[in-house]
Structure formats: structure tokens, C-alpha cells
Amino acid sequence: MELLLKVESLTKVFGRGCEQCLSLTGKDGNRCPICGSIVACADVSFELHRGEWLGILGESGSGKSTLLRLLNLELEPTKGRMLVNLEPYTGLDLLSISPYSRRLIRQELFGIVYQNPIHGLRMEVSAGGNVAERLILMGERRVEKIRERVLALFRRLELPEDRMDELPSSFSGGMQQRLQIAKAIVNNPPILLLDEFTTGLDPSVQAGVLELLKEIMFELGISAIVVSHDIGVINFMTHRVLVMNRGRVVEHGLTDQILEDPQDPYTQTLVHSKL
Amino acid sequence: MERYNFGFLDEEAKREIRRKILKAVAIPGYQVPFASREVPLLKGWGTGGLQITLSLIGKEDILKAIDQGCDYSLNAMNIKRFVRAVTGVETTTDTRRATLIQTRHRIPEEELREDQILIFQVPYPEPLRWVKASERETRRMHAEADYGLMWLSLYEDMVRYKEVTIGARYPVLVNRRYIMDPSPIPRWDVPKLHMSKHLNLFGAGREKKIYAVPPHTSVEPLEFEDYPFRVEDFSGKACALCGSSESFLDEIVEDGGRRTYVCSDTDYCTRRRQSGATVKS
Ligand SMILES: Nc1ncnc2c1ncn2[C@@H]1O[C@H](COP(=O)(O)OP(=O)(O)OP(=O)(O)O)[C@@H](O)[C@H]1O
Ligand SMILES: [Mg+2]
Ligand SMILES: [Zn+2]
Chain A
491 MELLLKVESL
501 TKVFGRGCEQ
511 CLSLTGKDGN
521 RCPICGSIVA
531 CADVSFELHR
541 GEWLGILGES
551 GSGKSTLLRL
561 LNLELEPTKG
571 RMLVNLEPYT
581 GLDLLSISPY
591 SRRLIRQELF
601 GIVYQNPIHG
611 LRMEVSAGGN
621 VAERLILMGE
631 RRVEKIRERV
641 LALFRRLELP
651 EDRMDELPSS
661 FSGGMQQRLQ
671 IAKAIVNNPP
681 ILLLDEFTTG
691 LDPSVQAGVL
701 ELLKEIMFEL
711 GISAIVVSHD
721 IGVINFMTHR
731 VLVMNRGRVV
741 EHGLTDQILE
751 DPQDPYTQTL
761 VHSKL
Chain B
62 MERYNFGFLD
72 EEAKREIRRK
82 ILKAVAIPGY
92 QVPFASREVP
102 LLKGWGTGGL
112 QITLSLIGKE
122 DILKAIDQGC
132 DYSLNAMNIK
142 RFVRAVTGVE
152 TTTDTRRATL
162 IQTRHRIPEE
172 ELREDQILIF
182 QVPYPEPLRW
192 VKASERETRR
202 MHAEADYGLM
212 WLSLYEDMVR
222 YKEVTIGARY
232 PVLVNRRYIM
242 DPSPIPRWDV
252 PKLHMSKHLN
262 LFGAGREKKI
272 YAVPPHTSVE
282 PLEFEDYPFR
292 VEDFSGKACA
302 LCGSSESFLD
312 EIVEDGGRRT
322 YVCSDTDYCT
332 RRRQSGATVK
342 S
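Protein chains in written order, with our numbering: chain A, 491 to 765; chain B, 62 to 342.
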């Protein structure tokens, strides 16, 4: 498979940080005993290939969301590099560019779905408008074309067409997540970032959303990074997985192998407690 | 007023404002913060524009001041009287003779030249205030050109009303980079900013911002192709004084309820009448 994204030593320390932050955290916790800063991600490195679905598994507080927000270029990293193998950006460290270029590149390369729809949707803007935003930002200036595309996505995501111009706050939880997905893929970005996107949903709704999304991802041939603490979701949605604990990657490999035969003790407890 | 410096402001204040103007010209459409001074003017009446005028004006300049196109409004007269008193420069109503034109809410009908400067008084400089209340956020949005929310508000207007509901203060994209508030000029005047020959300077006194549209700079109203930007429609109407059907008209409702229209630009209207234009009957 062709390399798409390469992440090197991605690190995020919340707080003022000190020399010892990285060396004194990771074993017992993620708070530096010297300066009190939180090491949310430490030296995370991995590669993502074209069409690949990569899982990030870990319990609450292990740094999954922080990692995803770093990848989405919305958080300033403490350290690290991020390279894409896509023209015209090949060889460019996405973390070293100006906020202005970063926004342009982000909207072209990434679609993101958050656990909490409040983070992913503009609740004061109509559902259709939410989906339309990216298209407009990327230069589409024909209302007719915009609405055609939004309508097509509403159909594909089984959202009620006649509620396109209503506010998303009137939508059910499952509909809001499907709306976030529509918004994330409206301009066919190469990479989809999913952060616990079914966690807030009723179990009866979860399966349907997962099934539909998987189908769409397959159709699009999109690459994805799927964050979850739910082994079922990781098993269903990913080819490979990174296991995170206290901001570190403790194990990585093919999803089947890791879930069947975890090597790291932390992964073992995670897998066994959930099975 | 002899005890004042030429131009009322002290030289240091004028230099600081001129520096900010240079920066504004260098970054078209970007709002440059400046240290706004006290100038003796009625509140709410464009001390931002006046400070720009006072810091640029020289002995050779000829000043024109208009309020909504009118040279004779109390406010315009006050400005001219004040500047005359603190500088001794000549004032005029003739758009063609003026080197500096201070304006509130209009651009003269007559196309301005390279050697003229148009100075706008701006009540609210922030075009994104429609969609975001926080100054800190709007500053970030400009820095990143994060204009999605602004575009969405126009999109929602289209969806709901089939047109953009903004009248005056129509938002524009300057030099393909910054969204700018052109001050409360009518839509009619917005196209005059695009690739203009003259320099446009905008001053907001209360909000302490200066911004500029330099000559030959693109200024595009935010619009969708299938719902294009349109100026006010005066078709079938003409000025009751000079007969013009090519100028921005003010509506006058007479005692009997009859509506008539006259040019909002008084100098333009006067000159047309002097050159023999009449009302077609
Ligand atoms: N803005 C912030 N300021 C300070 N600390 C933060 C901030 N955001 C996250 N953290 C801390 O960083 C660590 C990692 O948090 P993160 O949200 O990335 O974990 P997570 O794996 O997504 O957890 P969850 O499964 O609960 O969503 C936690 O200790 C968290 O408290
Ligand atoms: Mg999280
Ligand atoms: Zn007239």
C-alpha cells in the first residue's frame, strides 16, 4: 500500500513544560512531578497508507483525542513532524506552516467527526449549511450546485431531505452524527478522522451508523483514523491499531492479531476486561 | 484656535496615524489598530475619519466634506469649518477640485482620480461582527481567513429569502484576502471601490481602527454566482431636480404622500443643472 501520512514524534504537553516532562511521565501517570504539566501525547510516530483504516485504542485520558486534534492541525504541538505524500504538499511538514495555510490544508485533507456534535456542528446554522460550509470555503459559489451536493449526501446518509434547512439542534443524536459525517466528507478529503463518534449514541442506533459509515468509507476509498476505547468498534472498523496508554503508544500491529494475542500487559487487560 | 498645532493634532500623533495608514495601505482590507485621540466633535460623528484627514492635510490641500452625499448638512459644514480653523486650508463642494474628501456613507458619483484621497468615517469596522461577537475570535478569523461562518450567513439568506438581506455595509473581499466592511455606503457605491484610481482610507474612532483600499485593488462583494450582488434599483425613476437616472437617488415623501427622488450627491446634481440638464417632462 502507498504511504499517505507519516507522523514523527508527535508530542503535546499541556502546561509550561520542563526538561523532565517526558522522562518522568508514562510509567505512573501523565503529570510531570516537577512542573505539573500534563503530557497528553509523547513521541507518537506512525504511518498511514492509502485506503487504510487505522485504530487508536486506549482508555479514558490516554491521549487519543489530543492526538486526533493534533492530526487535524487544530492544536499546536509541543514537538513533532507530520508529512503527507500528496501533491502539492509532499515533503512539507504540516506542523511548521502558518495558521492561514494550515486552515487551507486542513479543509482539503481532513474530515473530522467528534464524539460531541457540539464540537463538530454549528448549532446556529442550518443542517444543510453545516454540510455546505466546506464547499463554499473551497470556492463553490453556486447555490444550486451546493444544494445538489448537500441533498445527495443527505440521501446517502439517510437524513431527512425535508429538514435540510432546519437547525441541527432539533436532530436526534444519531442524525447529528450522520450530519457530522456528511459535513466531514462533503469535499472528498483523503483522510477521515473519527473520535468516539458512536460513543454517545444509544446502542440500538450505534450499529446502524457504524454499518452505514463503513459502507461509505469503502465506496470512497478514504483513509481513516478511528479513535475509540471500544474494542468492538476497533475490531469492526480498522485494519491496524495503535494502543495508547498515558500518552504513549504501547503496542501496534494488525487489529486481528493484537485483539487475539496482545503482547503488552496494558493491552492484555484492556482486551480481556472487554471480552 | 491659534494655540493649536497646524491640523490640531500634535506632530507626533499625526506621525503615528500616518504610520498606521501606511501599514493599512500595505495590507489592503486589514484593520490596523491605532491610538485614537480626542477631537472636538459631536459624539458619534466620525472622529476616526477626521483624525485621518487632520494627519494627512497640508497647506496646499483642498478639502471637501459630505454627509450622505450632501455638502451642506450641518455635520459636513462643521467638519469643514473646524478644519479650516485649525489649518487655514481651502474647502470646496466641487468634487473635481478637492484633494481630500471626507465622507460619511457615500462615494461621490463622479469618478475620483489618482491625486484624490477619499476618507470614510466608519461607525463599525468589523464585518464579522454580524456572525461573531468576540473581538479575539474575529481577529483570529481574519488571520486564518476563516470566513466560513460569514459565507454561511449569506447562504442562509439565499435559502430563506432568495437574496442577501444586507443593504448598506455590504461585506466585500479585498485583494482576495480580507473581508472588509466598506462602512454604511449603499450597495450602489460598492462597485466604485473595485480597482478605483483613488486611495480609500477608513477611520473608526471609537473602535480605534484604520484600514484602506489602495488604488487598483480588487474589491469584490461576497456573492453567489446564481444570486449575484445587485445595486439598488432606480429603474423608471429620475432626479426631480436634474433629471439624472444614473445616480443614487434619495426618496422624498411630500406632504400629500407623493414620492419624488433627488440625487443624493448634491455636487453632482448642482453641476448637472448648471450645465443645462433639466427634468424631462
Ligand atoms: N486543554 C487541556 N488542558 C490540559 N490538559 C488537557 C487538555 N486537554 C486534554 N488534557 C489532558 O490530556 C490528557 C489526554 O486527554 P485526551 O482527551 O486526549 O484523552 P482521551 O484518550 O481522548 O480520553 P477520553 O477517552 O476520555 O476521551 C488527559 O489527562 C487530559 O486531562
Ligand atoms: Mg477523547
Ligand atoms: Zn439630480
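We put the CB at the ideal spot given by N, CA and C, even for glycine.
Out of curiosity, what's the CA-to-CA distance linking residue i and residue j?
i: Ile82 of chain B; j: Pro275 of chain B; result: 11 Å
i: Asp685 of chain A; j: Met613 of chain A; result: 19 Å
i: Thr757 of chain A; j: Thr556 of chain A; result: 20 Å
i: Leu703 of chain A; j: Glu286 of chain B; result: 33 Å
i: Val323 of chain B; j: Ile127 of chain B; result: 16 Å
i: Ala617 of chain A; j: Glu577 of chain A; result: 32 Å
i: Asn236 of chain B; j: Arg624 of chain A; result: 21 Å
i: Pro89 of chain B; j: Ile240 of chain B; result: 10 Å
i: Thr759 of chain A; j: Glu566 of chain A; result: 32 Å
i: Pro184 of chain B; j: Gln163 of chain B; result: 14 Å
i: Cys531 of chain A; j: Pro252 of chain B; result: 51 Å
i: Met211 of chain B; j: Trp191 of chain B; result: 8 Å
i: Gly266 of chain B; j: Ile587 of chain A; result: 35 Å
i: Tyr288 of chain B; j: Cys300 of chain B; result: 29 Å
i: Arg593 of chain A; j: Glu205 of chain B; result: 7 Å
i: Leu117 of chain B; j: Leu189 of chain B; result: 29 Å
i: Val280 of chain B; j: Asp294 of chain B; result: 21 Å
i: Asp242 of chain B; j: Gly228 of chain B; result: 12 Å
i: Asp774 of chain A; j: Thr745 of chain A; result: Lying before the first or after the last residue shown, residue 774 of chain A is absent from chain A, which here runs from 491 to 765.
i: Leu260 of chain B; j: Ile78 of chain B; result: 16 Å
Going by other Cβ atoms of all chains shown within 10 Å of its Cβ, with 16 needed for buried, is residue i buried or exposed?
i: Pro658 of chain A; result: buried
i: Gly119 of chain B; result: exposed
i: Ala194 of chain B; result: exposed
i: Ala137 of chain B; result: buried
i: Met654 of chain A; result: buried
i: Arg221 of chain B; result: exposed
i: Ile313 of chain B; result: exposed
i: Met62 of chain B; result: Confidence in Met62 of chain B is poor, its pLDDT being 48 and thus under 50, which makes the residue's placement too unreliable to answer from.
i: Gly601 of chain A; result: buried
i: Gln177 of chain B; result: buried
i: Gly317 of chain B; result: exposed
i: Phe687 of chain A; result: buried
i: Leu494 of chain A; result: buried
i: Phe708 of chain A; result: exposed
i: Asn678 of chain A; result: exposed
i: Thr580 of chain A; result: exposed
i: Tyr329 of chain B; result: buried
i: Glu170 of chain B; result: buried
i: Val340 of chain B; result: exposed
i: Ile626 of chain A; result: buried
i: Thr278 of chain B; result: buried
Can you pull the chain A neighbours of residue i, defined as C-beta to C-beta under 7 Å?
i: Gly90 of chain B; result: Near Gly90 of chain B there are no residues of chain A at all, since even the closest Cβ is about 14 Å away, more than 7 Å.
Opposite residue i in the DSSP bridges: which residues?
i: Leu493 of chain A; result: A:His539
i: Ala714 of chain A; result: A:Trp543, A:Leu682
i: Thr164 of chain B; result: B:Ile127, B:Phe181
i: Asp311 of chain B; result: B:Val323
i: Glu151 of chain B; result: B:Ile123
i: Asn66 of chain B; result: B:Phe69
i: Glu741 of chain A; result: A:Val733
i: Val93 of chain B; result: B:Ile271
i: Phe504 of chain A; result: A:Ile528
i: Gly264 of chain B; result: B:Gln182, B:Ile271
Interface residues of chain B around residue i at Cβ under 7 Å?
i: Arg631 of chain A; result: Phe285, Glu286
i: Pro589 of chain A; result: Ala204, Glu205
i: Arg506 of chain A; result: Within 7 Å Cβ-Cβ: nothing; Arg506 of chain A doesn't reach chain B, min ~22 Å.
i: Arg645 of chain A; result: Within chain B, no residue comes near Arg645 of chain A; the closest Cβ sits about 18 Å away, beyond 7 Å.
So residue i contacts chain A; which residues on that side make the cut at Cβ distance below 9 Å?
i: Val220 of chain B; result: Ser616, Gly618, Gly619, Val633, Arg637, Met654, Asp655
i: Tyr322 of chain B; result: Within 9 Å Cβ-Cβ: nothing; Tyr322 of chain B doesn't reach chain A, min ~33 Å.
Whose Cβ in chain A lies nearer than 8 Å to the Cβ of residue i?
i: Leu234 of chain B; result: Neighbours of Leu234 of chain B on chain A: none; closest Cβ ~12 Å, over 8 Å.
i: Trp212 of chain B; result: Glu623, Ile626, Leu627
i: Gly297 of chain B; result: Going along chain A, no residue has its Cβ under 8 Å from Gly297 of chain B, so there is no contact; the nearest lies around 29 Å.
i: Ala216 of chain B; result: Contrary to the premise, residue 216 of chain B reads as Tyr rather than Ala in this sequence. Those are Gly619, Ala622, Ile626, Val633, Ile636, listed as they occur along chain A.
I want to verify the contact list: residues of chain B whose CB lies under 8 Å from the CB of residue i, in sequence order.
i: Arg559 of chain A; result: Ordered by position in chain B, no residue passes the 8 Å Cβ test against Arg559 of chain A, which lies about 16 Å from the chain.
Determine whether the Cβ of residue i lies closer than 8 Å to any Cβ atom of chain D.
i: Gly110 of chain B; result: As a matter of chain content, chain D is missing from the structure shown, whose protein chains are A and B.
Using the beta-carbon of each residue, which ones in chain B are nearer than 9 Å to residue i?
i: Arg593 of chain A; result: Glu205, Ala206, Asp207
Where in the region 661-685 of chain A do unbroken runs of the beta strand (DSSP E), each at least 3 residues long, occur, reported from the N-terminal end onward? Counting only runs of 3 or more residues that sit fully inside the region 661-685 of chain A, the beta strand (DSSP E) segments are 681-685, in chain order.
Starting from the N-terminal side, write out each stretch of the beta strand (DSSP E) that is 3 residues or longer and does not extend beyond the region 271-298 of chain B. If we require 3 residues or more, the beta strand (DSSP E) runs fully inside the region 271-298 of chain B come out as 280-282.
Which runs of the alpha helix (DSSP H) spanning at least 4 residues fall entirely within the region 597-640 of chain A, listed in chain order? Within the region 597-640 of chain A, the complete alpha helix (DSSP H) runs of at least 4 residues are 607-610, 617-627.
Taking only runs of the beta strand (DSSP E) that begin and end inside the region 519-583 of chain A, which ones reach a length of at least 3 residues, in chain order? Along the region 519-583 of chain A, the beta strand (DSSP E) occurs as fully enclosed runs of 3 or more residues at 528-539, 543-547, 569-574, listed in sequence order.
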